[in-house]
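Participant: In our numbering, the protein residues as written are 75 to 340. First the structure, then my questions, so here it is.
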């Protein structure tokens with residue numbers, strides 16, 4: 075073991091191991107930890123811990139929202155690489171809670187079914203409101219009339235879109251449900267431009283949805299992120315919900331290895 079100038083054996087640098095302890099502690103708390111609480115857990119002085127957190131935040135290993143620290147995109151991306159055999163929902167579920175904290179509405183992660191006719195909810199984080207959209211994991215929803223489904227459909231391969239619009243049934247579920255092929259093609263075009271889909275009263279009257287696609291490293295759409303809210307609240311905070319779902323889906327895509335622009339020209 076190397077010795078310092080006094081001849082005393084010097085141990086390995088402590089900063090890297092402390093940084094890993096910070097990452098490990100935050101990994102157990104997807105909703106995040108305040109500085110004081112994190113210091114108590116790790117038994118580290120606030121001053122040195124704060125300096126370490128700033129360094130980690132500068133490289134996106136940690137992020138802070140409202141004084142609460144949580145894992146950043148870089149740490150989540152490394153976790154996904156290390157746990158390559160993990161399911162999509164295990165990789166992305168920890169990102170739902172921070173989005174709920176921003177949106178204060180129910181947030182859902184959906185994946186396309188094998189036949190490309192529906193999406194299936196694989197992760198859900200309920201909003202804090204007494205009146206909110208309630209769903210269960212495993213529930214399936216059609217592509218044509220849900221925000222989560224349209225976000226997947228819009229970024230699917232052209233042959234999948236053509237086949238779906240030619241063959242899939244599109245029943246009128248509410249007086250407002252869009253079923254016409256031409257109208258759906260317009261919706262798809264706008265979604266591909268903006269990276270966000272909005273639905274209003276399409277499957278249930280009084281429910282609005284906001285969704286964005288989640289891409290993997292090959293830029294294939296593998297999921298959609300959706301925020302669902304009652305119409306009265308969604309109307310009041312529409313801009314915030316649009317921003318939250320698009321930013322959240324982009325972060326998920328980065329975790330899965332996407333590089334370059336989130337919504338690329340098509």
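C-beta atoms are modelled at their ideal positions from N, C-alpha and C, and glycine is treated no differently. From a predicted model like this one, the values you see are computed outputs, not experimental measurements.
1) I need the straight-line Cα distance from residue 270 to residue 168, nearest angstrom please.
2) With DSSP collapsed to three states, give me the class of residue 289.
3) Would residue 146 and residue 131 be called neighbours here (beta carbons separated by less than 8 Å)?
4) Does the segment 252 to 262 come close enough to the segment 308 to 319 that 3 or more CB-CB pairs lie under 8 Å?
5) So what does DSSP say about residue 273, is it helix, strand or coil?
6) Does the beta-carbon distance from residue 258 to residue 281 come in below 8 Å?
7) According to the neighbour-count rule (16 or more other Cβ atoms, all chains shown, within 10 Å of its Cβ), is residue 110 buried or exposed?
8) For residue 185, count the other beta carbons within 10 Å of its own beta carbon; 16 or more makes it buried, fewer makes it exposed. Which is it?
9) Quick one: grab the DSSP three-state call for residue 237.
10) In terms of residues, what are the limits of the beta strand (DSSP E) holding residue 182?
11) Quick check on DSSP: helix, strand or coil for residue 88?
12) Let me know the beta strand (DSSP E) ranges lying completely inside the segment 94 to 182, each 3 residues or longer, listed in chain order.
13) Would you tell me roughly how many angstroms separate the C-alpha atoms of residue 237 and residue 98, rounded to the nearest one?
14) Between residue 210 and residue 122, what straight-line distance do the alpha-carbon atoms span, to the nearest angstrom?
15) Is residue 333 helix, strand or coil by DSSP?
16) So, at 6 Å on beta carbons, what are the nonlocal neighbours of residue 106 in its own chain, with the 5 sequence-adjacent residues on each side left out?
17) Can you grab the Cα-Cα spacing for the pair residue 293 / residue 320, in whole Å?
Facilitator: So, to answer that:
1) In the chain shown, the residue the question calls residue 270 occupies position 196. In the chain shown, the residue the question calls residue 168 occupies position 94. Going from the Cα of residue 270 to the Cα of residue 168 covers about 22 Å.
2) As a working note, residue 289 is residue 215 in the chain shown. Residue state, collapsed to three classes: strand.
3) Your numbering for residue 146 matches position 72 in the chain shown. Your numbering for residue 131 matches position 57 in the chain shown. Yes. Within cutoff.
4) These segments do not touch.
5) Here the question's residue 273 lines up with position 199 in the chain shown. If DSSP states are grouped into helix, strand and coil, residue 273 belongs with the strands.
6) Position 184 of the chain shown, counting from 1, holds the residue named residue 258. Position 207 of the chain shown, counting from 1, holds the residue named residue 281. Not in contact: residue 258 and residue 281 (Cβ atoms no closer than 8 Å).
7) As a position in the chain shown, residue 110 is number 36, starting the count at 1. Residue 110 is exposed by the Cβ-count criterion.
8) Walking along the chain shown from the start, residue 185 turns up at place 111. Buried.
9) For the purposes of this step, residue 237 is identified with residue 163 of the chain shown, where counting begins at 1. Three-state result, residue 237: helix.
10) One-based indexing of the chain shown puts residue 182 at position 108. Taken as a continuous stretch (DSSP letters only), the beta strand (DSSP E) holding residue 182 covers 180 to 186.
11) Numbered from 1 along the chain shown, position 14 holds the residue referred to as residue 88. In the three-state reduction of the DSSP assignment, residue 88 falls in the coil class.
12) Complete beta strand (DSSP E) runs here, min 3: 136 to 139 and 142 to 145.
13) Your numbering for residue 237 matches position 163 in the chain shown. Your numbering for residue 98 matches position 24 in the chain shown. Answer to the nearest angstrom: the Cα atoms are 46 Å apart.
14) As a first step, residue 210 is located in the chain shown; it is residue number 136 there, counting from the start. As a first step, residue 122 is located in the chain shown; it is residue number 48 there, counting from the start. Distance from the CA of residue 210 to the CA of residue 122, rounded to the nearest whole angstrom, comes to 43 Å.
15) Translated into the one-based positions of the chain shown, residue 333 becomes position 259. Taken through DSSP and simplified to helix, strand or coil, residue 333 comes out as coil.
16) Taking the first residue of the chain shown as position 1, residue 106 is located at position 32. Taken in chain order, the residues that qualify are 142, 143 and 144.
17) For this step, residue 293 is matched to residue 219 along the chain shown. For this step, residue 320 is matched to residue 246 along the chain shown. Each residue's alpha carbon lies about 16 Å from the other.
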